[in-house]
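Encoded as structure tokens, the structure appears first; notes follow it.
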Amino acid sequence: MSDTYDVIVIGGGPGGYNAANRAGQLKLRTLCIEKRATLGGTCLNIGCIPSKALLHASEAYEDAKHHFAELGVVVQNVAVDLPRMMAHKDKSVDGLTKGVEFLFRKNKVEHAFGTGRLRGPNTVEIVSADGTTRSVTGKAIIIATGSEPMPLPGVTIDEQQIVTSTGALSLSSVPGRMVVIGGGYIGLEMGSVWRRLGTQVTVVEYLDRITPGLDGEVAKHFQRILAKQGMAFKLGSKVTGCEKRNGHVQVTIEPAAGGTPETIECDVVLSSIGRRPYTEGLGLDTVGLSTDNRGRIPVDRHYQTSAKGIYAIGDVIAGPMLAHKAEDEAVAVAEIIAGQAGHVNYDAIPAVVYTAPEVASVGKTEEELKAAGIAFKIGKFPFTANSRARVNASTDGFAKVLADATTDQLLGVHIIGPEAGNMIAEAALAIEFKAAAEDIARTSHAHPTLSEAVRGAAQGVGGWAMQM
Amino acid sequence: MPLEIRVPTLGESVTEATVAKWLKNPGESVKADEPVVELETDKVTVEVPAPAAGVLSEILVAKGETIGVGGLLGTLGEGGAAAAAAPPKPVPMAEPKLVQAPANGAAPVMMPSAAKLAAESNVTVMTGTGKDGRILKGDVIAALEARANAPAQSIKPHQSRDLAPAEERVPMTRLRRTIALRLKEAQNTAAMLTTFNEIDMTAVMDMRKTFVDQFEKRHGVRLGFMSFFVKACISALKELPAVNAEIDGDDIIYKNHYDIGVAVGTDKGLIVPVIRNADHHSFADLEKAIADFGIRARDGKIKLEELQGGTFTISNGGVYGSLMSTPILNAPQSGILGMHKIEQRPIAVDGKIEIRPMMYVALSYDHRLVDGREAVTFLVRVKEHLEQPQRLLLDI
């Protein structure tokens with residue numbers, strides 16, 4: 093006996109649960125299948141949310157310990173209570189995953205815990221943790237199975253000493269030394285957490301720059317700030333092996349171009365070289381689907397795979413592996429299935445690194461524009477010239493606006509600085525509306541706020557920045 | 203609640219008008235349907251009436267300025283006393299430059315930078331490429347570029363020369379500019395050629411002399427020569443349809459209707475109102491229509507639609523004393539008959555010299571479409587019909 097649905101969503105992460113909720117709002121009978129015991133996917137359980145809990149807590153600790161005095165606030169005996177910090181994180185995560193269940197009820201979306209497997213064009217088999225199975229059929233099936241950490245040859249994950257981001261979120265004590273493999277946003281965020289809590293952190297990156305994909309000028313500035321904070325960098329280096337010895341880990345690295353290997357001894361290794369789409373055991377072959385050379389499921393612009401009625405969104409398809417990108421696609425695919433016109437503007441998807449200062453960007457980088465041969469103008473505004481950043485004693489960074497040389501249309505906005513993640517929303521909206529740099533420059537920004545720096549950079553494109 | 207005074211629909215192909223004169227000043231009260239402003243278009247002058255009784259509160263488009271169809275000319279306040287007492291509102295600097303709203307009032311949304319640039323450069327952008335049709339700064343820049351490039355392609359940039367003593371510079375009226383443009387267009391397009399003939403007007407004049415009083419008594423209009431010429435032309439057009447046709451791209455459009463334009467001089471310039479389905483008209487109908495055109499043309503009351511869509515034109519330069527001329531086609535028509543002065547001249551009739559009232563006639567035609575044989579035959583037919591007007595009765 094199989095149950096029949098309008099929409100079956102495989103995966104309960106930001107892509108999956110949002111697709112299910114939107115489908116529910118659109119009066120489609122919807123089932124969401126989640127493999128974990130809780131909803132919310134990587135983002136809520138072992139990604140965005142718990143990492144932000146630790147980033148916030150560790151930043152508060154560092155502020156109290158090192159920066160309060162500058163403001164005339166004297167606190168003594170500042171200490172870390174790691175179990176409590178972890179408890180706060182777990183409690184926050186627990187509340188939010190329950191929130192997803194609440195939203196499912198509200199939108200009349202059913203959910204089932206178990207592993208969803210495709211068994212033909214309209215059929216999904218759900219294998220529960222206890223091994224029981226049942227079949228459900230759906231007119232439309234949305235694959236939203238997300239991604240998993242990319243393994244690195246020679247590095248065997250135990251999630252205790254040699255960890256991925258998952259283990260790095262739950263270390264039982266503050267390690268003395270940590271090697272972070274990969275200078276992307278996950279490594280830098282988790283590296284920042286533990287550095288603040290007292291760990292000596294060394295980031296090993298294969299490329300000769302950190303945060304590939306970010307604007308080069310921003311990345312260079314970012315690295316300088318992180319180094320000033322005490323993070324060590326070994327760029328242009330590759331890790332060839334990790335060996336546990338006497339309670340420590342010996343990490344062997346050598347220059348990316350080849351050369352003499354060296355060994356770094358540490359207590360914990362974080363492997364964060366990237367993520368790969370997760371489609372293992374999904375049964376793509378039962379519907380004639382296969383993945384591309386990077387493990388992604390190819391889809392058309394309506395997110396439909398080559399198998400009719402089977403859609404895919406989020407980290408399992410092409411594009412940046414970001415929760416909000418998956419969420420945007422989730423809304424679009426549900427609306428498309430309901431017969432509406434779904435829309436995602438891939439030029440207006442912001443990306444944020446939640447370090448301190450934060451790094452946020454939307455649109456094209458300077459390098460991308462040069463490569464594409466697009467003539468552009470640049471406006472920049474440093475936070476040292478922003479009054480609010482000055483009184484907050486937090487003046488690292490700048491805002492950078494790139495606009496078309498002819499039409500003045502915004503092409504990219506890059507911010508490194510305090511609250512960059514919140515401020516990028518304005519830029520994303522502006523790009524979505526195809527605004528000119530001058531449109532931001534002519535929009536009133538409250539004084540004194542950090543957001544004035546974005547306006548200043550936009551004015552800078554036109555050559556009339558007012559505060560510098 | 204102020205009422206809007208907008209540019210009315212002015213007929214096909216008319217997209218803008220120039221404010222010729224405001225007939226009321228701000229603060230003056232107007233009755234419903236009383237004309238408030240006079241607009242000049244490519245073709246005629248039109249008066250815009252007040253949509254309701256009230257007080258003219260604001261003039262938004264000054265004399266001499268050009269505005270699109272549907273554009274806001276000014277506003278009308280309610281009542282007398284209250285509105286009249288209100289001090290004249292100073293017009294904010296940027297206001298007259300604001301982008302004109304389309305007729306339906308739903309102005310496209312402009313991004314702030316686009317609105318500013320458009321206002322500064324006095325360019326109108328009606329369609330945007332932004333989200334939901336918003337007008338972007340890039341759209342305005344594109345419009346400015348298009349404007350900058352346009353004159354280079356169409357009209358040579360004109361260097362104004364300095365005025366010598368005893369010279370006066372006067373801007374061309376829109377009507378004059380249109381005449382200039384259309385005449386030149388016709389010359390540039392058509393392969394224009396003129397053929398001549400002469401008509402002995404004795405028979406028509408005798409007939410007219412005999413019946414002029416009875417005709418007027420019966421029909422209330424004087425019998426002139428124009429009706430004979432219109433009838434003669436229609437008969438010839440039926441025999442030679444190419445003269446009543448037009449070229450449209452690579453095709454020829456033959457018209458089985460005979461809408462005859464009759465050129466009428468006014469103090470502002472020549473206009474050509476059209477007698478629709480002139481082949482269905484009696485002599486009296488034709489004379490009435492022509493007389494009516496003459497009166498209304500003098501008063502500037504010819505409606506735009508009356509100037510559109512003629513198939514053939516008759517121009518009478520004779521009223522001014524012209525002996526011979528080569529009229530220019532009224533594009534896209536393919537033929538125009540030029541009538542001239544009737545003059546007593548000696549001619550040979552049956553081997554004897556006689557004094558006869560003679561008129562030279564000219565047919566200018568588009569040689570692309572009308573062959574020489576057809577043009578000459580056309581004129582010969584017109585001549586025959588006028589020299590033997592009974593042919594018109596018998597349709598031969």
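Just so you know, the sequences run in chain order A and B.
So for the first sequence, my numbering puts the first residue at 93; every next one is plus one.
So for the second sequence, my numbering puts the first residue at 203; every next one is plus one.
Just so you know, even glycine gets a beta-carbon here, dropped at the ideal spot from N, CA and C.
Everything numeric in this text was worked out from a predicted model, so none of it was measured.
Fewer than three beta-carbon pairs drawn from the stretch 164 to 176 of chain A and the stretch 232 to 242 of chain A are found closer than 8 Å, and the two stretches are therefore not classed as touching. For residue 449/A and residue 414/A, the gap between their C-alpha atoms comes out near 20 Å. Against chain B, the beta carbon of residue 531/A has neighbours under 9 Å at 313, 314, 315, 316, 338, 339, listed in chain order.
Residue-level contact by beta carbon holds for residue 343/B and chain A, with a gap shorter than 8 Å. Distance from the CA of residue 222/B to the CA of residue 455/B, rounded to the nearest whole angstrom, comes to 37 Å. Per DSSP, residue 329/A lies in no alpha helix (DSSP H) segment; the continuous beta strand (DSSP E) that holds it begins and ends at 329 to 337.
Within 8 Å of the CB of residue 534/A, the CB atoms of chain B belong to 314, 315, 318, in sequence order along the chain. Three or more Cβ pairs closer than 8 Å define a contact, and the stretch 409 to 421 of chain B falls short of that threshold against the stretch 547 to 556 of chain B. Annotation: the continuous beta strand (DSSP E) that includes residue 209/A extends over 207 to 210.
With its beta carbon at least 8 Å from every one in chain B, residue 427/A lies outside the interface. For the stretch 496 to 516 of chain A, the set of residues with a beta-carbon nearer than 8 Å to any beta-carbon of chain B comprises 496, 498, 499, 500, 501, in chain order. For the stretch 321 to 338 of chain B, the beta-carbon criterion of a distance under 8 Å to any beta-carbon of chain A is satisfied by 331, 332, 333, 336, 338. Contact of residue 527/A with chain B by beta-carbon distance below 7 Å involves 313.
Non-local beta-carbon contacts of residue 256/A in its own chain, meaning distances under 8 Å to residues more than five positions away in sequence, involve 241, 249, 362, 363, 364 in chain order. Residue 332/A is a Cβ neighbour of residue 353/A, given a cutoff of 8 Å. Scanning its chain for C-beta atoms nearer than 6 Å, with the 5 sequence neighbours on each side dropped, one finds around residue 425/B the residues 410, 414, 417, in chain order. Scanning its chain for C-beta atoms nearer than 6 Å, with the 5 sequence neighbours on each side dropped, one finds around residue 547/B the residues 560, in chain order. At a cut-off of 8 Å, the C-beta of residue 524/A has a neighbouring C-beta in chain B.
In this chain, the alpha helix (DSSP H) harbouring residue 592/B covers 592 to 596.
With fewer than 16 neighbouring CB atoms inside 10 Å of its own CB, residue 420/B falls in the exposed class.
Taking 8 Å as the upper bound for CB-CB distance, residue 201/A and residue 116/A are in contact here, some 4 Å apart. Inter-segment contact for the stretch 305 to 323 of chain A and the stretch 453 to 462 of chain A is present: three or more beta-carbon pairs are separated by less than 8 Å. Rounded to the nearest whole angstrom, the CA to CA distance from residue 547/A to residue 336/A is 51 Å.
Taking a C-beta distance under 8 Å as the contact criterion, residue 492/B and residue 407/B do not qualify as a contact pair.
In the pairwise beta carbon analysis, the stretch 468 to 475 of chain A is classified as touching the stretch 483 to 498 of chain A: at least three pairs are separated by under 8 Å. Assignment of beta strand (DSSP E) within the stretch 441 to 521 of chain B, counting only whole runs of 3 or more residues, yields 448 to 450, 453 to 455, 462 to 464, 514 to 518 in chain order.
With fewer than 16 other beta carbons inside 10 angstroms of its own, residue 398/A counts as exposed. In the three-state DSSP reduction, residue 220/A falls in the coil class, being neither helix nor strand. Counting only the Cα atoms, residue 376/B lies some 34 Å from residue 430/B. Shown here for residue 432/B: same chain residues with a beta carbon closer than 6 Å to its own, the five before and five after excluded, namely 462, 480, 488 in chain order. Pairing residue 231/A with residue 427/A, the inter-Cα distance amounts to about 14 Å.
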